[in-house]
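As given, the protein sequences belong to chains A and B, one line each in that order.
Each number in the working numbering comes from the position in the first sequence (counting from 1) with 56 added on.
Each number in the working numbering comes from the position in the second sequence (counting from 1) with 4 added on.
See structure below.
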Amino acid sequence: MKRVYVNEEWCLGCHLCEYNCAFANSGESDMVKALKGKPIRPRIRVEGDDRITYAVSCRHCLDPLCIRSCISGAIHREDGVVCIDREKCVGCLTCVLVCPYGAVQPGPDGAAMKCELCLHNAAGEPACAAGCPNRAIVYEEREEGQA
Amino acid sequence: MKKYLIIGGSIAGVSCAEGIRSRDGEGEITLVTAEAFSNYGRPLISYYLEGKTDIPRMSWRGEDFYEKNRVQVRHGVTAEKLEPEAKRVILSTGEALSYDALCLCLGSHPFSPRFEGLETVENRFFFTTLEDALALEKAVGKESRVLIVGAGFIGLKCAEGLRDRAGSVTVCDLAAHAMSANLDADCAPILEKHLAENGLRLMLGDTVTKFEGKTARMKSGKTVKFDVLVIAIGTRPNVSLLAEAGGAVNKGILAGERMETSLPGVWAAGDCTESMDVSAGEAGLLAVLPNASLQGFCAGVNMAGGAEKFDKGIKMNSIGFFGLHIMSAGTYTEPVYTEITEHSCKKLFAAGGVLTGFILLGDVSRAGIYTSLIRERTPLETVDFEALKKEPSLLPFGQAFRAKKLGGAV
């Protein structure tokens, strides 16, 4: 399946992916309205230091620990994409406890949230990759188990 | 066609069926459960009382799981006897079910020491199943004074769930601190203060010596008047079905990393088992939902001829009380990092060059990076541990690690 992959050496550390992600998941059609003056809650995050930067988001693991560990069964796959049913989620954050990449976080209503490859929003495909100015983030098919 | 039999319809049992079906689409699967409602996460029952979920949403793998996976379910039935030579199980209905591969997902039962006068208490409950939660829901009214014995996570989650339903909620525990199995003396007071601020009455270092109807006489000499009693002292693995059949049992059913018991063709998973705790280097009870799920799936795959291992087991918990999140994992060996503020606590423990455990209270973000270090037994010399101690991130793991994890399917 297609996933979001990160080419660390090309990341400029511009944080555009975070803004595009927050906007895509805001439900708003206007970026200014969605983000201006508000704390943004992106599901992808740029981390690093003054030399290295890269973005981290859900890996949609081949054998996701979060799906096994979720106490409410809210985390599930939809065509390979790991998604959270936020109606079922009770906000216990066991997914945060087990995700090796730190890619799950509590959302504004307490339910957990993470990258769902823009499957459930209007962007259609990952907004982080589409808007990455240096193609450091790509959305593509790569052989499973191959770097 | 292979005949699979699963005893138990909670997370381990359901995951076992998933594991079987991941390799064998044909075999006949029968699942027997004592409960009227199965396939739900037991920890959800406090969220049910709190109104954060309801019975339809509690279904762990969905209401159509058994049908979709062609699992024949027998609700309200218990397994009375295991006959390993004949490869069959005798049910409470008197029927005998034969199997080629059997998985025991027997769970645990609440433990209660002998309290003097306990039989004089009319409204007394445990808090481990949905049935318990439904009974409590009926028994507790706006005026009810609730006494909970045990300030571990079951007792405290029950208290949180009941706070808005009851007149008052008192929790006592012989231990000096709340959640004494998970927290230490540095972290626990922050939780205790938070619970008190949210309306719970805690009586720590104190417990009941005698019940007289609606009165509890405490060790301290105090008395507590109550209407509803919940015993939440702890649980014990259900091992008797296997033990009586001659299978190897310690505190729990002994199951190796393939989740096979000492009896041929008999597997076990979940709270009834005892497994290797990689953070402690010895076997122990790892009775938490994620392990039940991983073990059940592992057993199922192996029952269907696969080669799955459960070899990264640790104790781990994520829990919240009135908005305060607490996570704990692994074994508390040598403290190597401590950061305590008025509202948060962070402690990391390491031994033998690997992270063995942590406690996080308040800020729990990205805790899974620490959990992963423990489970994978990552040598700390291969990462920038000084940086990791302060903040969990992928930076201290180095470029090669990130290229593999962020640049490939993992």
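Positions of the beta carbon are idealized from the N, C-alpha and C atoms, including for glycine.
(1) Does DSSP put Q202 of chain A in a helix, a strand or coil?
(2) Return the CA-CA distance between Y61 of chain A and L233 of chain B, expressed in angstroms with no decimal places.
(3) Spell out the partners DSSP gives R240 of chain B in its beta bridges.
(4) Can you check DSSP and say which residues form a bridge with E134 of chain A?
(5) Quick one: does V146 of chain A have its CB under 8 Å from some CB of chain B?
(6) Roughly how far, in whole angstroms, is the beta-carbon of V93 of chain B from the beta-carbon of T174 of chain B, given that I think they are within contact range, below 8 Å?
(7) Have a look at B:K226, B:C107, B:F301, B:A333 and flag the residue whose alpha-carbon is nearest the alpha-carbon of L267 of chain B.
(8) What span of residues does the alpha helix (DSSP H) with V160 of chain A cover, start to end?
(9) So, is V112 of chain A buried or exposed, given that buried needs 16 or more other C-beta atoms within 10 angstroms?
(10) Quick check on V253 of chain B: buried or exposed, where buried means 16 or more other Cβ atoms within 10 Å of its Cβ?
(11) Name, going along the chain, the residues of the stretch 30-56 of chain B whose beta-carbon falls closer than 7 Å to a beta-carbon of chain A.
(12) Between which two residues does the alpha helix (DSSP H) holding L68 of chain A run?
(13) Within 8 Å of any Cβ in chain D, is that where the Cβ of V62 of chain A sits?
(14) If you check the beta carbons only, do T239 of chain B and S112 of chain B fall under 8 Å apart?
(15) Beta strand (DSSP E) containing Y341 of chain B: first to last residue?
(16) R406 of chain B: buried (16+ other C-beta within 10 angstroms of its C-beta) or exposed?
(17) Whole beta strand (DSSP E) runs in the stretch 255-319 of chain B with 3 or more residues, listed along the chain?
(18) Determine the DSSP secondary structure at N76 of chain A, reduced to helix, strand or coil.
(19) Who are the Cβ neighbours of P114 of chain B in its own chain at under 7 Å, not counting the five residues just before and after it?
(20) Can you tell me whether DSSP reads Y103 of chain B as helix, strand or coil?
(21) Return the chain-ordered ranges of every beta strand (DSSP E) run that is complete within the stretch 162-211 of chain B and spans a minimum of 3 residues.
(22) For a contact defined as C-beta to C-beta under 9 Å, what are the partners of M280 of chain B on chain A?
(23) Which of the three DSSP states, helix, strand or coil, is assigned to I152 of chain B?
(24) Determine the DSSP secondary structure at M5 of chain B, reduced to helix, strand or coil.
(25) Under 9 Å Cβ-Cβ, which residues of chain B neighbour I140 of chain A?
(26) Using only alpha-carbon positions, find the residue among A:C148, A:E200, A:E103 that is nearest to S332 of chain B.
(27) Does C155 of chain A have its Cβ less than 8 Å from a Cβ in chain B?
(28) Tell me whether G98 of chain B sits in a helix, a strand or coil according to DSSP, three-state version.
(29) Please look up how many angstroms separate the CB atoms of T150 of chain A and S125 of chain A, rounded, as I've assumed it's under 8 Å.
(30) Name, please, each residue of chain A whose Cβ falls closer than 9 Å to the Cβ of A76 of chain B.
(31) At a cut of 8 Å, does the stretch 56-68 of chain B reach the stretch 116-133 of chain A through at least three beta carbon pairs?
(32) Consider the C-beta atom of G304 of chain B and the heavy atoms of the ligand NAD; say whether any pair is separated by less than 7 Å.
(33) Flag R198 of chain A as yes if its beta-carbon sits less than 8 Å from any beta-carbon of chain B, otherwise no.
(34) Please state whether DSSP places V387 of chain B in a helix, a strand or coil.
(35) Quick check: the stretch 65-75 of chain A against the stretch 184-194 of chain A, are at least 3 beta-carbon pairs closer than 8 Å?
(36) Under the DSSP definition of a beta bridge, which residues are partnered with E172 of chain A?
To lay it out plainly:
(1) Low local confidence applies: a pLDDT of 49 at Q202 of chain A is under 50, so the model's placement there is unreliable, with the coordinate-based value given in what follows. Of the three classes helix, strand and coil, the one that applies to Q202 of chain A here is coil, per DSSP.
(2) 54 Å
(3) R240 of chain B is bridged to B:H113.
(4) Paired residue(s): A:V137.
(5) Yes, its Cβ sits closer than 8 Å to a Cβ of chain B.
(6) Not confirmed; about 43 Å, so no contact.
(7) B:C107
(8) Here V160 of chain A belongs to no alpha helix (DSSP H), and DSSP marks it neither H nor E.
(9) buried
(10) buried
(11) Across the stretch 30-56 of chain B, CB contacts with chain A closer than 7 Å involve G45, P47, L48, Y51, K56, in sequence order along the chain.
(12) Neither: L68 of chain A is in no alpha helix (DSSP H) and is coded neither H nor E.
(13) Here the protein chains are A and B, and chain D is not one of them.
(14) yes
(15) 338-344
(16) buried
(17) 270-272, 277-281, 286-288
(18) DSSP places N76 of chain A in helix when its eight states are reduced to three.
(19) Result list for P114 of chain B: F130, T132, I235, T239, in chain order.
(20) coil
(21) 172-177, 204-208
(22) Near M280 of chain B there are no residues of chain A at all, since even the closest Cβ is about 18 Å away, more than 9 Å.
(23) In the three-state DSSP reduction, I152 of chain B falls in the strand class (E or B).
(24) coil
(25) Near I140 of chain A there are no residues of chain B at all, since even the closest Cβ is about 13 Å away, more than 9 Å.
(26) A:C148
(27) yes
(28) coil
(29) Contact check for T150 of chain A and S125 of chain A: beta-carbon distance about 5 Å, within the 8 Å limit, so the pair qualifies.
(30) Checking the sequence shown, residue 76 of chain B turns out to be Gln, not Ala. Result: empty, since nearest Cβ-Cβ is about 21 Å, beyond 9 Å.
(31) Judged by Cβ distances under 8 Å, the stretch 56-68 of chain B makes contact with the stretch 116-133 of chain A, as three or more pairs qualify.
(32) You won't find the ligand NAD in this model; it holds no ligand whatsoever.
(33) Answer yes: the Cβ-Cβ gap between R198 of chain A and chain B drops below 8 Å somewhere.
(34) coil
(35) yes
(36) In DSSP, E172 of chain A forms no bridge with anything.
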